[in-house]
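Since the structure comes first, as structure tokens, the remarks are kept for the end.
Number of protein chains: 2
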Amino acid sequence: MEEAAQGAINLNNSGLSILEISHRSADFTAIIQEAEQLVRELLGVSDDYAVLFLSGGASSQFFMVPMNLLGEGDMAAYLDTGSWSSKAIKEAKLFGKVEVLASSKPDNYNYIPKEFAIPTNAKYLHLTSNNTIYGTQYQWWPETNIPLISDMSSDIFSRPIDVQKFGLIYAGAQKNMGPAGVTLVIVRKDLIGKSGRTLPSMLDYQTHIEGESLYNTPPVFPIYVSMLTLRWIKKMGGLAAVKKINEDKAKLLYDEIDANPLFKGTAAIDDRSRMNVTFVMPEQDLEKSFLKACEEAGCVELKGHRSVGGFRASIYNAMPLEGIQTLVNVMRDYAEKHD
Amino acid sequence: MEEAAQGAINLNNSGLSILEISHRSADFTAIIQEAEQLVRELLGVSDDYAVLFLSGGASSQFFMVPMNLLGEGDMAAYLDTGSWSSKAIKEAKLFGKVEVLASSKPDNYNYIPKEFAIPTNAKYLHLTSNNTIYGTQYQWWPETNIPLISDMSSDIFSRPIDVQKFGLIYAGAQKNMGPAGVTLVIVRKDLIGKSGRTLPSMLDYQTHIEGESLYNTPPVFPIYVSMLTLRWIKKMGGLAAVKKINEDKAKLLYDEIDANPLFKGTAAIDDRSRMNVTFVMPEQDLEKSFLKACEEAGCVELKGHRSVGGFRASIYNAMPLEGIQTLVNVMRDYAEKHD
Numbered sequence: 001m002e003e004a005a006q007g008a009i010n011l012n013n014s015g016l017s018i019l020e021i022s023h024r025s026a027d028f029t030a031i032i033q034e035a036e037q038l039v040r041e042l043l044g045v046s047d048d049y050a051v052l053f054l055s056g057g058a059s060s061q062f063f064m065v066p067m068n069l070l071g072e073g074d075m076a077a078y079l080d081t082g083s084w085s086s087k088a089i090k091e092a093k094l095f096g097k098v099e100v101l102a103s104s105k106p107d108n109y110n111y112i113p114k115e116f117a118i119p120t121n122a123k124y125l126h127l128t129s130n131n132t133i134y135g136t137q138y139q140w141w142p143e144t145n146i147p148l149i150s151d152m153s154s155d156i157f158s159r160p161i162d163v164q165k166f167g168l169i170y171a172g173a174q175k176n177m178g179p180a181g182v183t184l185v186i187v188r189k190d191l192i193g194k195s196g197r198t199l200p201s202m203l204d205y206q207t208h209i210e211g212e213s214l215y216n217t218p219p220v221f222p223i224y225v226s227m228l229t230l231r232w233i234k235k236m237g238g239l240a241a242v243k244k245i246n247e248d249k250a251k252l253l254y255d256e257i258d259a260n261p262l263f264k265g266t267a268a269i270d271d272r273s274r275m276n277v278t279f280v281m282p283e284q285d286l287e288k289s290f291l292k293a294c295e296e297a298g299c300v301e302l303k304g305h306r307s308v309g310g311f312r313a314s315i316y317n318a319m320p321l322e323g324i325q326t327l328v329n330v331m332r333d334y335a336e337k338h339d
Numbered sequence: 340m341e342e343a344a345q346g347a348i349n350l351n352n353s354g355l356s357i358l359e360i361s362h363r364s365a366d367f368t369a370i371i372q373e374a375e376q377l378v379r380e381l382l383g384v385s386d387d388y389a390v391l392f393l394s395g396g397a398s399s400q401f402f403m404v405p406m407n408l409l410g411e412g413d414m415a416a417y418l419d420t421g422s423w424s425s426k427a428i429k430e431a432k433l434f435g436k437v438e439v440l441a442s443s444k445p446d447n448y449n450y451i452p453k454e455f456a457i458p459t460n461a462k463y464l465h466l467t468s469n470n471t472i473y474g475t476q477y478q479w480w481p482e483t484n485i486p487l488i489s490d491m492s493s494d495i496f497s498r499p500i501d502v503q504k505f506g507l508i509y510a511g512a513q514k515n516m517g518p519a520g521v522t523l524v525i526v527r528k529d530l531i532g533k534s535g536r537t538l539p540s541m542l543d544y545q546t547h548i549e550g551e552s553l554y555n556t557p558p559v560f561p562i563y564v565s566m567l568t569l570r571w572i573k574k575m576g577g578l579a580a581v582k583k584i585n586e587d588k589a590k591l592l593y594d595e596i597d598a599n600p601l602f603k604g605t606a607a608i609d610d611r612s613r614m615n616v617t618f619v620m621p622e623q624d625l626e627k628s629f630l631k632a633c634e635e636a637g638c639v640e641l642k643g644h645r646s647v648g649g650f651r652a653s654i655y656n657a658m659p660l661e662g663i664q665t666l667v668n669v670m671r672d673y674a675e676k677h678d
């Protein structure tokens, strides 16, 4: 934050703010190139893939993916693991046939479906790697010869990814990468330009590949802060190190949930998210006073989404282990006092 | 910049950065509501219009406007005054019939066409209010009963606008409103939802009207800085005061261009832009050494766009009169030394 603020006043001692430099300036070119380079290095992205910094959020990728990859009459396969998947499915239906291979909706999305057949004529298989509301996360990837596409908005840069398994990965920046306003798209170049559609320039991946994300004025400041965040991840030791920390954090909290009789996790154990830990209190009338105890200890924004209830601890990269320890201590103290 | 940087560290003494607060938080709700209120107050926008803060830049409005307002078989009228108009025309052709009523292209876009007939069956008439590359600007609006639509990316908030004359106004923020990454759309609500098209949610103005610009995660920081800029404009005395300053700045520079035999304006006098002042040197071989003299005096980024050549002084709201005076002094000194 301090470094981002410094850039907002005086970037690289240029006397100019990141808020006023041109997106065609040498300073910004260096920033966006370093951001791309860091994405490639941290995730191991080969030259077969383009790395794009777009605007419009992951919500825009919900339709840009089918618009760019599905021709008239083509079919795409989707896995439905929550509200983000559902939105992606809804938008895809505007551009082709959609087969939902599996859905955990009947169980309030509390697990990741594992049994499904992937039709070989599907143009791609789309999944949401982490489900913020329901606290589930893929800990494996489907084996398939068709391109795998994933919305990784809420867990990108939280762990290493074998990018080669994917045709396209997209992610809104605002969880682990930077501030709201920029969307990362990693796309295998050979998938582009085959839909037979004439697209508005801004909605055509090819435009942004040719323009190197500078076809139009990009979101300069969000890209700058993302670059700073990626530098920090590299300094931490890269994604293997980040994954270790995230697993330690998640384990600390899930262990307490499993050990403490006042709490109960909502997601299937194998599919538990390392980013969003969802849990309830079987004695529901205690939830209000427990939430108050959390807030008094400085643990805020813990209220679960209305469709799950209870609590949700969002423990993205920026959350330190100490933050989790504080919450675990509150849970223990609360249980002791309750006895 | 200082205030924006302060917000990046500690917003309203909350201990949280604008870069980490949720777009659903009370702090951000207050920011986006104040930004909307300031837009309404400064431009005099009535409740018949929605005020939206979107992402994707003006380039996305090039296609969102026809996608939302043109039905199959409908026709839209466009005025072609430069490269931004041309891009808007190109995208509109994907969604309906386009009639270009007039174009100044044969004269390298050095004027704003004034003689044209507006077909009454057109759904709207689109124009680009200020043309950054060619240094021209509308100083009047066409009289018509069909909705007028304007890309005001490069001169919004530089002067008062009679919004009632328009069906829709859009503007990328990065000239007079804030940093790159947010786009202002002011749209008369009764125009929406009549195209008969089923649009992706993110591309449907109705989605953003219903979601109050919060359907998806909006570009939080660019909206915050825009709000700060709008506060500053209000403090300056509003748009009448800003217009006066901009006219004084432009007059100072154009007067020197007209008086100094070494320089020549490129745009028709009646259509001269108060935002981008374009000029050349009839003795073209002097241009390089003049540019050097400018840079030595601290006047930078003066090189004209390759399609016009010569020089372009972009004197948006952020440029003080003193900056123009410095440039005028360089022009005078240079002419004296040259004699």
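Residue numbers (the numbering used here), protein chains in the order written: chain A, 1 to 339; chain B, 340 to 678. The beta-carbon is built from N, C-alpha and C at its ideal position, and this holds for glycine as well.
Out of curiosity, what's the CA-to-CA distance linking residue i and residue j?
{"i": "A/Lys243", "j": "A/Asp151", "result": "19 Å"}
{"i": "A/Val163", "j": "B/Gln372", "result": "41 Å"}
{"i": "A/Lys292", "j": "A/Glu91", "result": "40 Å"}
{"i": "B/Thr368", "j": "B/Ile548", "result": "15 Å"}
{"i": "A/Asp248", "j": "A/Asp285", "result": "30 Å"}
{"i": "B/Lys642", "j": "B/Val616", "result": "11 Å"}
{"i": "A/Asp80", "j": "A/Glu72", "result": "23 Å"}
{"i": "A/Tyr362", "j": "A/Arg274", "result": "Since the first residue shown for chain A is 1 and the last is 339, residue 362 of chain A is missing from the structure and cannot be characterised."}
{"i": "A/Ser55", "j": "B/Ile428", "result": "22 Å"}
{"i": "B/Ala344", "j": "B/Ser493", "result": "25 Å"}
{"i": "B/Ala365", "j": "A/Ser314", "result": "19 Å"}
{"i": "B/Gln545", "j": "B/Pro405", "result": "14 Å"}
{"i": "B/Ser442", "j": "B/Gly421", "result": "8 Å"}
{"i": "A/Gly181", "j": "B/Arg527", "result": "26 Å"}
{"i": "A/Trp140", "j": "A/Tyr109", "result": "17 Å"}
{"i": "B/Ile572", "j": "B/Pro659", "result": "14 Å"}
{"i": "B/Pro518", "j": "A/Pro222", "result": "10 Å"}
{"i": "A/Leu127", "j": "A/Gln37", "result": "26 Å"}
Starting from the C-beta of residue i, find all residues in its chain whose C-beta is less than 8 Å away, skip the five residues before and the five after it, and write them out in chain order.
{"i": "B/Thr556", "result": "His362"}
{"i": "B/Val378", "result": "Val384, Val390, Leu523, Ile525, Leu569"}
{"i": "B/Asp529", "result": "Asp387"}
Report all residues from its chain with a CB closer than 6 Å to the CB of residue i; omit the five preceding and five following residues, and keep chain order.
{"i": "B/Ile500", "result": "Leu382"}
{"i": "B/Tyr673", "result": "Phe629, Ala632"}
{"i": "A/Val344", "result": "Coverage of chain A is limited to positions 1 through 339, which leaves residue 344 of chain A absent and any answer about it impossible."}
{"i": "B/Asn599", "result": "Met670, Ala674"}
{"i": "B/Asp413", "result": "Gly435, Lys462"}
{"i": "B/Ser468", "result": "Tyr477, Ser489, Met491, Asp494"}
{"i": "A/Ile393", "result": "Because chain A in this structure spans residues 1 to 339, residue 393 of chain A falls outside the shown range and cannot be described."}
{"i": "A/Gly196", "result": "Gly71"}
Of the choices the options, whose alpha-carbon is the least far from that of residue i?
{"i": "B/Arg498", "options": "B/Leu578, B/Ala607, B/Ile357", "result": "B/Leu578"}
{"i": "A/Glu424", "options": "A/Thr229, A/Lys105, A/Phe53", "result": "Nothing can be reported for residue 424 of chain A, as the shown portion of chain A is limited to 1 through 339."}
{"i": "A/Gly135", "options": "A/Leu327, A/Lys165, A/Thr266", "result": "A/Thr266"}
{"i": "A/Ile149", "options": "A/Ala76, A/Gly178, A/Ile133, A/Gly196", "result": "A/Ala76"}
{"i": "A/Gly310", "options": "A/Glu301, A/Glu287, A/Asn317, A/Val328", "result": "A/Glu287"}
{"i": "A/Lys93", "options": "A/Asp107, A/Phe63, A/Pro119, A/Pro106", "result": "A/Phe63"}
{"i": "B/Val559", "options": "A/Gly57, A/Lys194, A/Asn246", "result": "A/Gly57"}
{"i": "A/Asn68", "options": "A/Pro106, A/Val225, A/Tyr49, A/Thr198", "result": "A/Thr198"}
{"i": "B/Asp610", "options": "B/Pro445, B/Glu375, B/Ser356, B/Pro452", "result": "B/Pro452"}
{"i": "B/Asp677", "options": "B/His644, B/Ile370, B/Glu622", "result": "For the sequence presented, residue 677 of chain B should be read as His rather than Asp. Closest option to B/His677, Cα to Cα, is B/Glu622."}
{"i": "A/Gln327", "options": "A/Arg306, A/Cys299, A/Pro179", "result": "This sequence places Leu at residue 327 of chain A; Gln is not what is there. Nearest of A/Arg306, A/Cys299, A/Pro179 to A/Leu327, Cα basis: A/Cys299."}
{"i": "A/Asn246", "options": "A/Asn176, A/Ala268, A/Phe263", "result": "A/Asn176"}
{"i": "A/Ala60", "options": "B/Asn351, B/Thr459, B/Tyr554, B/Pro445", "result": "Residue identity check: residue 60 of chain A is Ser in the sequence provided, not Ala. Of the listed residues, the one whose Cα sits closest to A/Ser60 is B/Tyr554."}
Between which residues of its own chain and residue i is the CB-CB distance below 7 Å, once the five residues before and five after are set aside?
{"i": "B/Met575", "result": "Val581"}
{"i": "A/Ile324", "result": "Lys249, Leu252, Leu253, Ile315"}
{"i": "A/Ile118", "result": "Ala77, Leu101, Leu125, Pro142, Thr144, Ile146"}
At a CB distance below 9 Å, what residues from the segment 189-219 of chain A approach chain B? Give them in sequence order. Listed in sequence order: Thr198, Leu199, Pro200, Ser201, Met202, Leu203, Tyr215, Asn216, Thr217, Pro218, Pro219.
Short-range partners of chain B found in the segment 85-103 of chain A, where Cβ spacing is below 7 Å: Glu91, Leu94
Every unbroken beta strand (DSSP E) within the segment 416-489 of chain B, with a cutoff of 3 residues, ordered by chain: Runs found: 436-442, 464-467.
Closer than 8 Å, Cβ to any Cβ of chain B: which residues of the segment 296-317 of chain A, in chain order? Glu301
Using a Cβ-Cβ cutoff of 7 Å, what residues of the segment 491-521 of chain B are near chain A? List them in chain order. Gly511, Gln513, Pro518, Ala519, Gly520
Short of 9 Å Cβ to Cβ, which residues in the segment 459-483 of chain B face chain A? none
Please specify which runs of the alpha helix (DSSP H), each continuous and at least 4 residues long, are wholly inside the segment 560-590 of chain B, giving them in chain order. none
Any beta strand (DSSP E) of 3 or more consecutive residues that is wholly inside the segment 147-186 of chain A: 148-151, 166-172
Scan the segment 366-400 of chain B for residues whose Cβ lies nearer than 7 Å to a Cβ of chain A and list them as they occur along the chain. Ser394, Gly395, Gly396, Ser398, Ser399
What residues in the segment 560-575 of chain B bring their beta carbon closer than 8 Å to a beta carbon of chain A? Phe560, Pro561, Val564
Note down, one range per segment and in chain order, each alpha helix (DSSP H) of at least 4 residues found wholly within the segment 598-674 of chain B. 626-635
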